[in-house]
Structure formats: C-alpha cells, structure tokens
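K.L.:
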Amino acid sequence: MLVSWHLISPSLIILWLCSTESLCPESCYCRQSEKGQRKVSCVKGGMRDPLPVSEIDLGMEVLEISAPKDNPNTLSISPIFQQFKRLEEISIKRSNIHQIGVHPFWGVPTIRLLDLSHNNISAVYDHNFRGLVNLVELNLDFNRIERLSVGVFKHLTELRMLTLKNNLISDLEPRIFLKLVKLHILKLSENKFTEELNPEVFKDISL
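Throughout the sequence shown, residue numbering follows mature numbering (1 follows the signal peptide of the UniProt record, and there is no 0), covering -20 to -1, 1 to 187 in sequence.
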C-alpha cells in the first residue's frame, strides 16, 4: 500500500532526520579530517572515565583526545574500541593515563596510528599491544616509562615508527625490538641513559 508523503507525521520526519545524523559527544567536535576521515576531536579537557563511546558514531575513523594544562583529563585505556570497525587513528594525550591495560585494542586491526604521548604511563607490556597487527606508528613520548622488557613490541610486526622520547629509560636489554623488522624510525632522546647501549639491543632492526 502506498502512503502519501503529506500524510506522514512531521514528528516522524524529524525523528528520521535526527537518526541519520552522526552521533557526537556534547563536549567534542565531529567533522572530516584533512584526509577525509570521520574524526572525533575532544580537546576541551575535564574528561573523566568512562569515555562516552555510546555517543560516538560507529563509523569513526580518527579519535583525538587532549586537554589544556589548566583543565586536564583523567582517563584510562580499556577494551572499549571493538565496536569501531573503521578506526584508524587513536590519539589520547594529556589525559593522566597511568597504564594501558590488558588487550585494550583487541578486535580493532584497522588501527594504524596510536599516540599516547604526554601521559603518566610508567610501564608497558606486550599484552598492551596485542591485536594491533597493522599499527604503523606508536608514540609514547613524554611519559614515565622506566624500563622495557624483552619482546615488548613483538605483536607490532608492521610498525615503521616508534618514538619513546622524554621518558625515564636508563638501559635497554637485547631483543627488546624483537620482530620489528619493518621499523625504520626509532626515537630515544631525552631519556636517562648513562652509558653507551649494547649493539645487541638493535640486532632485530635495521634503521
């Protein structure tokens, strides 16, 4: 049976129009990135756990979270990203993150860039990165990382850039970069190294 357009309730039309709009958290901006990706940007600060993932469009491709110095975030990293099947870039900075958590990115193989710089992460483990099979760039600058265990990045077999500047690392053990055969850029400046590093540390990579 055909229904005449003029018989449809105006309230139903409004409801349909609203349902077609992309979801966006109230304190964030949602727009296209320079590359044409769907980007959610939350940079006003003052965010607290949990992240408002139920208010974010499932088609999100880029997530950017940061904060001004006078209104910092207090967040944690947990397995909340699995529903975003097109997510390519995650940047969560200046958010007082202390640890990354167990398997937080499992089920999201589309992620290619992860930036957790300017936080308070003191340690990283291989299970933090499990599932990031297509990650190309990892930024952990300006954290409080003191040491790295052998094979900590072994799940990141596609990684091209790893940057660990301005941490508290005093030494590196051999085989830390196990399976990072595609790594081309490694940044370690402004750490606490007291002596020359053992060449065996870089055995698994060719910079």
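Backbone N, C-alpha and C define an ideal beta-carbon position, used for all residues, glycine too.
Since the model is a prediction, treat every value here as computed from it, not as a measurement.
Alpha carbon to alpha carbon, how far is V33 from I57? Give it in angstroms, no decimals.
P.N.:
Those two C-alpha atoms are separated by around 12 angstroms.
K.L.:
Just mark G26 as buried or exposed, buried being the case when its beta carbon has 16 or more other beta carbons within 10 Å.
P.N.:
Looking at its Cβ environment, which holds fewer than 16 other Cβ atoms inside 10 Å, G26 is exposed.
K.L.:
Does the Cβ of H164 have 16 or more other Cβ atoms within 10 Å, making it buried, or fewer, making it exposed?
P.N.:
Label assigned to H164: exposed.
K.L.:
Quick one, are the C-beta atoms of I36 and V20 less than 8 angstroms apart?
P.N.:
Yes, they are a contact pair.
K.L.:
Can you look up N119 in the DSSP assignment and give me helix, strand or coil?
P.N.:
Looking at N119 - three-state DSSP - the assignment turns out to be strand.
K.L.:
Going by C-alpha distance, which of V82, P48, E117 is nearest N108?
P.N.:
Taking only the C-alpha atoms, the option nearest N108 is V82.
K.L.:
Based on Cα-Cα distance, which residue from L139, L120, I101 lies nearest to N114?
P.N.:
For N114, the nearest C-alpha among the options comes from L139.
K.L.:
On a CA-only basis, which of S97, D184, D151 is nearest E175? Give me that one, please.
P.N.:
Residue D151 is the option with its Cα nearest to E175.
K.L.:
Does the Cβ-Cβ distance between R18 and G39 come in under 8 angstroms?
P.N.:
Taking 8 angstroms as the Cβ cut-off, R18 and G39 qualify as a contacting pair.
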